[in-house]
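The opening residue of the sequence shown carries number 2 in the numbering used here; numbering runs sequentially from there. The beta-carbon is built from N, C-alpha and C at its ideal position, and this holds for glycine as well. Since this is a predicted model, take the numbers as computed values, not measurements.
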Amino acid sequence: MAFVPARLLSTALTLITCGTVFNALSLAADQVTLDLTKAGIVSVGDGPLSAKAADLLADEVERRTGISLPMLQDEHKSGFPTVVIQPLTEFPDVQVPVDLKTPSSADSYAIWVDRSQLTPTVHLLGYDGRATLYAAGRLLRLMSMTQGKLELPADVHLSSAPDVAIRGHQLGYREAANSYDAWDLSQYEQYLRDLIVFGANAIELIPAVTPDEERGPLMEMDPWEMNRKLSELIGSYGLDVWMWVPVYAHVDNPEEAEAELDRRRELFASFSHIDHIFVPGGDPGHTAPDVLLPWLSHMAEALHETHPGAGVWVSNQGFTPEQNEVLFGYLRDAEPDWLTGIVFGPWVKHSLAEARARTPRKYGIRRYPDICHTLRCQYPVPDWDPAFCQALGREPYNPRPQAMALIHNSTADLADGFATYSDGITDDVNKFVWNACGWDRDQNVEEILTEYGRYFIGEGHGESVATGLLALEENWRGPLRDNHSVEQTLAHWQQIERQAPEAAQNNWRLQLPLLRANYDAYLRRRLIRHTEIEEETIDRLRQATRIGPKAAIAEARSVLAQVTTDDTAHDLRKRLLELGKLLNESIGLQLDKATYGAVRSDRGAVLDYLDFALNDRPWLEAQFQQILALEGTTEQLQRIQLIVDWEDPGPGGFYDDLGCVGRQPHLLPSDREAAWRADPGFVSTSQSEFGNRVNHGLLQLNDGKLSWVNQAETLFGTPLRMRYTDLDPKATYRVRVTYAGRFHATMRLMADQHYEVHGPLPQPSETWPMEFAVPQAATSDGVLDLQWELLAQRGCQVAEVWLIKE
C-alpha cells in the first residue's frame, strides 16, 4: 500500500490542481453527482492506519464495481478527481471549511468536496489514523457503486463523531458459534472490514486459555493460534482487542489460584494486542465476589507484565443481591485502581440505571447486550409464537432492527458503549443496527437498513431490503396463524431474489433473509394444517360415548397420524434445503448437525426441526396409551372427556394458556407492547417463556403438553400477576393451576395480596393441574387479583390457569 509522506504532500496537491482541465460539466455549480470512476487515492502521512483506510476504500470499491482506483504518491492521473485521506493528528494545520466542525474527538472525521480547483478533491480528514477508517467507511456508504460506475453526491459536506466510545462485538472462534468456527483468517478480515465501515471500533475474542485446546472438526486452525492471529489482525486496524475470559478454576484454593494466573500469563504473553480483559462474574463463572475481586487484582498485575496499558473489567452476572452488595461496597470503599469498569450483561439482577447509580464515576460501564438469542435470554422476542419457539429456537437468523434500536437507545446515556454478546452471523443485521445507533442514536432505523441493503446487497436494492427486513421482524408479532403478512413478506423477498439472481446464489446476506422468509411461511402453513388435524382429532374423540373409547381413539390416531405424512408447503421445504447448502458454501453456516456439522441443533440448526409436529400429537399419543391401559370403560371415557374439555372452564369461568401469545388475556400487564417498550429485558415485568420441547440429542419431541412447555414468567423476585374483572360477587370460585418450567420454582399464591390461596409450594415433579379454593372475600367486589410470589429459584413460572365458578 502506497502512501504520501508529509514532505511529498505539497507536490501531490500541486499536481492535482494543475492537471488537465476536468470536464466542465463536472464543475457546474448545480452538479448533482461527482464521477469517481477514474479517481485516484492519496494517503497522506506516515501512520499505517490512513494507509489501511486507503486499502479498504480501494478494495471495497473494486469488489462492487470492478474499478481499480490507483494509489497516488507524487503523481496522479491528470484531470481526474482525487480522494485525499489524512489524519488531523499528523497534520493539525489542515484547513477545514468554516461551516464544518473540525474533528476533535476519538473516531471523529470530516468529509467534503473541494471544487475550487480544476479537478475536484474529496477530502477524508480523520481525527487520528483510526478515524480515517471511519471516514473511508462513510464514503463507501455515500457512494453509488454499480458495475463499472462510481459516483458520489457532489454536495457531500459533513462532519461526524460517535455518540458512544465503545462500539464492539464478540467474534468468538469456537464451536458454539454457528459459523465462525468454519472461517479462515481472510473471512474474519472481511467481516472485520464490514463492521469498520459501519463504525465498530472493538472486537471481543473468546480465546483458548491453553495452547492444547482441542481443534473443532470444522476449524482450519488450532483455537490458540487463530486467536493469536486474530489479535494481530484486529490490532493492525487500530481497533481495541477485548478478551472474554471466564474463571472456571477454583481460585479460592491457593494452588489453583496460582496455577490459573500462570495460565493467563502465558495467554496474555502470546497476544500481540490486548486492550481490555472482560471477566464475567457468572454465566459462566461460579466464584463469589469476595474471592473473585482480590484474585482479579493479581490477574491485572499478570496482564500488565506484557500489556501495561490494558484494562480489566468484571460483570456481576448471576450475582445474588447479597453478592451485589459485596461488589458495590468494594468499589465504594476500596476504589481499586486495577479495575477499569463494570460490564452490564445477561442475568444481572438489577437495572442499568441502578448499576450506574451505584458504580463510582471513576469506573466505566460497558453494556454486554445479547443480540443473538431469541428466547431464554436477556432480550427475548416478546410473546413469541410457540411454533417459532419450537422450530427456530434460540439462535435463528433474527433481524430485529426496531427492537435493537429501542434497546440501545433507551439506556445509551447510562454507559460508555457496548460490545455485544454474539455467537455467529445470524444476528448480522442486529450488529449493524447497534453500530449505527452507537454512532448516532437519532438515525432512522429505515435509513440504517437502506444503507445496509445498498452496501451489502446492491445499489438498487436498499429500500427494498429495508422494507423486507422490517417485514421479517413483523412476522414475529402476534399469533402466527393470524399473521397474513407472513406470505406477503415471502413474496417480497422472492421479488428481490428475482431482481438479484447472482446475489441469491453467492451473497449470504441475501440468502439469510430468504431462508427466514421461506421458513416463516413454511411454519405458518404447517401450523394451520396441524391445528386442523388436532381439531379433527378432538372431534373424533367426542364420539367416544357413542362408538366406544377404543374405536374413538383408533379413529383419532388415524387422523393424528397425518402429521407424519403431511407435505404442506413441500416446495418451501425444498427451497429451505437449497438455501441451507448455499449458506454453508458461502459463509460456513451450519444449519443442521448431520450434513453441516452443527455442534448442537439448538444453536441455529433450524433445518433439524423442519418435520416436527406443531400440535399436541406427542402428548395425545401418550394419553392414548395410558387410557387404553385402563381396565374400565367408564374410567376410559372420563379420561377422554378430560382431553376433550381440557380448556373448558365451565359457565362463568376463564382459561389462560400462559406464555402463548393471544391466549393469556388476564396476564398483567395487559398492555404487552407498552410494557415491553418500557422494560425490554423483562427485569420487572412478565414475559413468555418456552422450555425445551425437543430432545436435542435424539432429535425428537418430548411428550409434554404444548401448554405446559410455554409459561408466563417473571424474574428476580418480581411477582407474577393476573387480574379478572366482571366476576359474580356472590359466587365462589376455584383456581386450577398447572405449574411447569425449567426453574422448578417454589411459590406462594395470594389473592388480592391479602388472602393466601396456597402456601409455599415447590413445583411438582409430575406436571398436572392442581386446584385451590379462592376465598370468597377476594371476589366479592367482582374483581380478583392473583399474585404468585417467588420463594426459591430464579423466577416465577406458571403454565395454565383456570378460574372456575362453582
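Buried or exposed by the 16-neighbour rule on C-beta atoms within 10 Å, applied to residue i
i              : result
proline 88     : buried
lysine 706     : buried
alanine 30     : With a pLDDT of 48 at alanine 30, under the threshold of 50, the predicted position of this residue should be treated as unreliable, and no value is reported.
leucine 340    : buried
leucine 629    : exposed
methionine 2   : At methionine 2, the pLDDT of 38 sits below 50, so the modelled position is not reliable; the number obtained from the coordinates is stated separately. Flag for methionine 2 reads exposed.
valine 99      : exposed
tryptophan 769 : exposed
leucine 35     : buried
valine 738     : buried
tyrosine 734   : buried
serine 187     : exposed
glycine 425    : buried
valine 85      : buried
valine 22      : Residue placement at valine 22 is poorly supported in this model, since its pLDDT is 36, which falls under 50; the coordinates still yield a value, given next. Classification for valine 22: exposed.
glutamine 639  : exposed
Bridge partner(s) assigned by DSSP for residue i
i              : result
tyrosine 110   : Gly127, Ser161
serine 145     : Glu152
glycine 342    : Trp314, Gly365
glycine 461    : Bridge partners of glycine 461: none, in fact.
lysine 806     : Tyr734
isoleucine 278 : Met244, Val313
proline 88     : Gly127
cysteine 797   : Thr715
glutamate 790  : Arg749
aspartate 284  : Aspartate 284 pairs with nothing; no bridge assigned.
alanine 52     : According to DSSP, which records beta bridges pairwise, alanine 52 is partnered with nothing at all.
threonine 122  : Thr83, Asp115
isoleucine 42  : Met72, Val84
Cut-off 6 Å between Cβ atoms - residues of its own chain near residue i, not counting five sequence neighbours on either side
i             : result
glutamine 512 : Leu580, Leu583, Leu584
serine 27     : For serine 27, the predicted structure reports a pLDDT of 40, less than 50, and the residue's modelled location is therefore unreliable. A value from the coordinates is still provided. The answer is none, since no qualifying residue turns up.
glycine 346   : Ser316, Gln318, Tyr369
tyrosine 331  : Leu294
arginine 743  : Gly692
Range of the contiguous alpha helix (DSSP H) that encloses residue i
i                 : result
alanine 774       : Per DSSP, alanine 774 belongs to no alpha helix (DSSP H); it is in the beta strand (DSSP E), 771-775.
isoleucine 204    : Segment 203-206 is the beta strand (DSSP E) holding isoleucine 204; no alpha helix (DSSP H) there.
glycine 236       : 224-237
isoleucine 641    : 634-645
cysteine 378      : Element bounds for cysteine 378: n/a, residue is neither H nor E.
proline 290       : 290-307
phenylalanine 269 : 255-271
phenylalanine 199 : Looking at the DSSP string, phenylalanine 199 is not in any alpha helix (DSSP H), and its letter there is neither H nor E.
serine 689        : Serine 689 -> not in any alpha helix (DSSP H); beta strand (DSSP E) instead, spanning 688-691.
serine 411        : 402-411
threonine 421     : No alpha helix (DSSP H) holds threonine 421; the beta strand (DSSP E) holding it covers 418-421.
Boundaries (first-last residue) of the beta strand (DSSP E) holding residue i
i                 : result
isoleucine 167    : 167-171
phenylalanine 613 : Where phenylalanine 613 is concerned, there is no enclosing beta strand (DSSP E), given that its DSSP letter is neither H nor E.
glutamate 714     : 711-716
proline 761       : 756-763
aspartate 36      : 34-36
leucine 481       : No beta strand (DSSP E) holds leucine 481; DSSP gives it neither H nor E.
Spatial neighbours of residue i in its chain, beta-carbon cut-off 8 Å, leaving aside the 5 residues before and after
i              : result
leucine 542    : Ala553, Ile554, Ala557, Ile641, Ile644, Val645
proline 670    : Ala676, Thr686, Ser687
isoleucine 197 : Leu57, Leu134, Tyr135, Gly138, Tyr238, Leu240
arginine 526   : Thr569, Ala570, Leu573
Close beta carbons around residue i, own chain, < 7 Å, minus the five adjacent residues each side
i              : result
glycine 713    : According to the sequence shown, residue 713 is alanine rather than glycine. The answer, listed in chain order, is Leu659, Gly660, Gln665, Leu668, Ser687, Ser689, Leu721, Val799.
lysine 731     : none
threonine 66   : Met146, Thr147, Gln148, Gly149, Lys150, Leu151
isoleucine 235 : Leu193, Ile204, Val242, His274
isoleucine 548 : none
alanine 177    : Asp424, Val600, Arg604
Minimum Cβ-Cβ distance from residue i to chain B less than 8 Å
i             : result
glutamate 326 : Absent from the structure: chain B. Only one protein chain is present.
Residue i: CB within 7 Å of a non-hydrogen atom of the ligand ZN
i          : result
leucine 57 : Absence of the ligand ZN is noted for the structure shown, with no ligands found whatsoever.
Checklist entry - Touching or not, the region 438-448 and the region 399-408, by the rule of three or more beta carbon pairs under 8 Å? => result Judged by pairs of C-beta atoms under 8 Å, the region 438-448 touches the region 399-408, as three or more such pairs exist.
Checklist entry - Is the region 97-112 close to the region 122-136, with three or more CB pairs under 8 Å? => result Verdict: yes, contact present.
Checklist entry - Is the region 779-790 close to the region 725-740, with three or more CB pairs under 8 Å? => result Yes, they touch.
Item to check | Cβ contact (3+ pairs, closer than 8 Å) linking the region 202-222 and the region 230-240 | outcome: Short answer: they touch.
Checklist entry - If you pair each beta-carbon of the region 409-423 with each one of the region 355-370, do three or more pairs fall below 8 Å? => result Yes, since at least three Cβ pairs between the region 409-423 and the region 355-370 fall closer than 8 Å, the two stretches touch.
Checklist entry - Contact between the region 492-499 and the region 461-472: three or more CB pairs below 8 Å? => result Segments in contact, yes.
Next on the checklist: Counting beta carbon pairs with one atom in the region 611-627 and one in the region 559-568, are three or more of them shorter than 8 Å?
Outcome noted: Yes, they touch.
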